[in-house]
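Enquirer: Count along the sequence shown starting at 1, add 13, and that's the number in the numbering used here. Following this message is one structure expressed as structure tokens.
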Amino acid sequence: MWNGLSLSDEEEEVLIEKERAKEADQIGNHCLIGRLLIKKPVNIDSMKNALCKAWKVKEDVIVKEEPEAVNLDWCSFWVQLHGLPLRMMTERIGIAIGESIGDVEEVETCGEKVAWGKYRRVRILIDTTKPLKRRKLVALDNGTKIMVQFRYERLTVCLYGE
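Here it is as structure tokens:
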């Protein structure tokens, strides 16, 4: 199918020199894209000052509002599932519970698809436009029900939904 095609002079590859690539890396290393998950208006100057103090930034922080090219509606988080009995710390149970939060991307395992700690870790793609869940009632095969608590890693301040 593609055998008869060839590159013209206009379609040949472009070589980016080391110097330009290094410059682009340096600029990109100081960029951050984020979203404030509050509905009320924000004082941009106060937010910039808070970011500068928190990150110990000496230069000015530039804030651009809502870049349309970047979809921030979905984000991956490692979620710890607390309160599971040891026999329920399997990969398949992690997937089943994780799917109640979002799209499961990965389940951390210890070789034999079982977790041997206090909790099971599941990486989940979560819809950030909806409130985060903090717990889920799980019905076990023997008829008992347990409350599994969710802890989102690297999420410092959060207001949970039910």
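Ideal placement from N, C-alpha and C gives every residue a C-beta, glycine not left out.
By DSSP, does K146 sit in helix, in strand, or in coil?
Expert: strand
Enquirer: Check L28 in the structure and name its three-state DSSP category.
Expert: coil
Enquirer: Mapping the DSSP letters down to three states, classify I137 as helix, strand or coil.
Expert: strand
Enquirer: Which of the three DSSP states is assigned to M160 in this structure?
Expert: strand
Enquirer: R134 and Q93: beta carbons closer than 9 Å?
Expert: yes
Enquirer: Can you give me the C-alpha to C-alpha distance between W129 and V120, rounded to a whole angstrom?
Expert: 13 Å
Enquirer: Per DSSP, which residues does Q93 bridge with? Please list them.
Expert: R134, R164
Enquirer: Spatial neighbours of G107 within its chain, please: C-beta separation below 6 Å, excluding the five flanking residues on both sides.
Expert: V120, R133, V135
Enquirer: Contact defined as beta carbons within less than 8 Å: I believe I137 pairs with V117. What is the distance between those atoms, to the nearest angstrom?
Expert: 6 Å
Enquirer: Considering only DSSP beta bridges, list what A152 is partnered with.
Expert: Per DSSP, K158.
Enquirer: Where do the ends of the alpha helix (DSSP H) carrying E104 lie?
Expert: First-last of the alpha helix (DSSP H) with E104: 104–111.
Enquirer: What separation, rounded to the nearest whole angstrom, lies between the Cα atoms of I57 and L28?
Expert: 40 Å
Enquirer: Which one of A67, K71, L145, M60 has the shortest CA to CA distance from E78?
Expert: M60
Enquirer: Strictly under 9 Å for the Cβ-Cβ distance: is N84 near chain B by that measure?
Expert: Absent from the structure is chain B; it holds one protein chain and no more.
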